[in-house]
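Student:
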Amino acid sequence: MKLFFLGTCSGTEPMPGRHHVSWVLQLQEKLYWFDAGECCSHTAHVLGLDLQNIRAVFISHCHLDHVGGLANLLWTIRKLDSLHPRQDPGPVDVYLPSLPTWEGTMTTLRETEGSFAINFPLHAHHAQPGLVFADGGITVEARENQHLPPGKSLSYRIRAENHTIVFSGDVRAVEELDPWLDDCDLLLMETGHHKVETICRYVSQKTGTRRLAFIHHGREILRDPEAALAVARQFLHDRISITNDGDCLEL
Ligand SMILES: [Zn+2]
Ligand SMILES: [Zn+2]
Numbered sequence: 000m001k002l003f004f005l006g007t008c009s010g011t012e013p014m015p016g017r018h019h020v021s022w023v024l025q026l027q028e029k030l031y032w033f034d035a036g037e038c039c040s041h042t043a044h045v046l047g048l049d050l051q052n053i054r055a056v057f058i059s060h061c062h063l064d065h066v067g068g069l070a071n072l073l074w075t076i077r078k079l080d081s082l083h084p085r086q087d088p089g090p091v092d093v094y095l096p097s098l099p100t101w102e103g104t105m106t107t108l109r110e111t112e113g114s115f116a117i118n119f120p121l122h123a124h125h126a127q128p129g130l131v132f133a134d135g136g137i138t139v140e141a142r143e144n145q146h147l148p149p150g151k152s153l154s155y156r157i158r159a160e161n162h163t164i165v166f167s168g169d170v171r172a173v174e175e176l177d178p179w180l181d182d183c184d185l186l187l188m189e190t191g192h193h194k195v196e197t198i199c200r201y202v203s204q205k206t207g208t209r210r211l212a213f214i215h216h217g218r219e220i221l222r223d224p225e226a227a228l229a230v231a232r233q234f235l236h237d238r239i240s241i242t243n244d245g246d247c248l249e250l
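Numbering (numbering that gives the first Met the number 0), first residue to last: 0 to 250.
1. Report the residue from Glu189, Val230, Asp182 whose alpha carbon sits nearest the alpha carbon of Asp34.
2. Cα-Cα, which of His44, His65, Arg142, Gln27 is closest to Leu250?
3. Going by DSSP in three states, Gly6 sits in which element: helix, strand or coil?
4. Say the cut is 7 angstroms; is the CB of Asp244 nearer than that to a heavy atom of ligand 1?
5. Rounded to whole angstroms, what's the CA-CA distance from Leu133 to Phe119? Just pull it up for me.
6. Excluding the five sequence neighbours on either side, which residues of its own chain have a C-beta within less than 8 angstroms of the C-beta of Gln51, listed in chain order?
7. Cutting at 6 angstroms between CB atoms, please list the residues of its own chain near Leu187, excluding the five before and the five after it.
8. With 16 other CB atoms within 10 Å as the buried threshold, where does Gly207 fall?
9. The alpha helix (DSSP H) with Asp80 in it runs from where to where?
10. Near Glu37, what residues of its chain come up, given a Cβ to Cβ distance below 6 angstroms and the 5 sequence neighbours on each side ignored?
11. Output the boundary residues of the alpha helix (DSSP H) element that contains Arg218.
12. In terms of residues, what are the limits of the beta strand (DSSP E) holding Met188?
13. Please go through the segment 144–191 and give each complete alpha helix (DSSP H) segment of 4 or more residues, from N-terminal end onward.
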């Protein structure tokens, strides 16, 4: 399976070469979308990903650096369907912890071309802690974190092909992910709210977490990514990477 990083920036001021957070898991041609920051559909399409293969979208929380591209993503699927019609298109399930954001997204879309009439089943779900999704060889679980008031912000654990990925979303502290770090092939950890050294020191003690990749970068990393990587490697050696927009990672 492959991971594509569409946007790696936190919600700080616009940064050259980086957009708000979004990444995709490609598994047996299906795409599983995690967060939907600005431009994610554009970046994915330009990278060669087929948006008509999206099976599900998982939103960690509804801050705009995580959902700013959601309406555009759905609009783009419809656009591609109009240009390249599909026979019997499968459903797209969208999971998010705030249904008012979904209602706002749909309100926006219904004012667009053709009142956003679509020919694929589109279902929104209120994502809550526990098992969120299980289909097509992938399971996705959620747990609450303390980035926002209770129920409003989630981290996700993804299992597929005997690999386990933990996606922090935005968290108040990395320790909130502790129950998931004893067996984790890849931790995708946000650094918008955290110091590189704090995270790396903590993860270096978690021998069950085999690899760390930073995403949702804050100013510390963006000021000097090379320097940040040097600090990180003091703790994690070759177990750490800093993702960039457009990167692909194969597991
Ligand atoms: Zn954020
Ligand atoms: Zn946030």
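The C-beta atom is built at its ideal place from N, Cα and C for all residues, glycine as well.
Tutor: Walking through what the data contain:
1. Translated into positions along the sequence shown, residue 34 becomes position 35. Residue Glu189 is the option with its Cα nearest to Asp34.
2. By one-based count along the sequence shown, residue 250 stands at place 251. Answer by Cα proximity: Gln27.
3. For the purposes of this step, residue 6 is taken as residue 7 along the sequence shown, with counting starting at 1. Strand.
4. Your numbering for residue 244 matches position 245 in the sequence shown. Incorrect: Asp244 has no Cβ contact closer than 7 angstroms to ligand 1.
5. As a first step, residue 133 must be located in the sequence shown, where it is residue number 134. As a first step, residue 119 must be located in the sequence shown, where it is residue number 120. Here the sequence assigns Ala to residue 133, which means Leu is not the residue at that position. In a straight line, the C-alpha of Ala133 is about 20 angstroms away from that of Phe119.
6. Within the sequence shown, numbered from 1, the residue matching residue 51 stands at position 52. Answer for Gln51: Ile76, Leu79, Asp80, His83, Arg85, Pro88, listed in chain order.
7. Locating residue 187 in the sequence shown gives position 188, where the first residue counts as 1. Same-chain partners within the cutoff: Phe166, Ala212, Ile214.
8. Taking the first residue of the sequence shown as 1, we reach residue 207 at position 208. Classified as exposed, Gly207 has fewer than 16 neighbouring CB atoms from the shown chains inside 10 Å of its CB.
9. Locating residue 80 in the sequence shown gives position 81, counting from the first residue. That run of the alpha helix (DSSP H) goes 69–82.
10. Here residue 37 refers to the residue found at position 38 of the sequence shown. Within its own chain, the residues whose Cβ lies closer than 6 angstroms to the Cβ of Glu37, once the five positions on either side in sequence are excluded, are His18, His19, Gly67, Gly68, listed in chain order.
11. Position 219 of the sequence shown, counted from the first residue, corresponds to residue 218. Start and end: 218–222.
12. Numbered from 1 along the sequence shown, position 189 holds the residue referred to as residue 188. Taken as a continuous stretch (DSSP letters only), the beta strand (DSSP E) holding Met188 covers 185–189.
13. Runs of alpha helix (DSSP H) with 4 or more residues, each lying fully within the segment 144–191, are absent.
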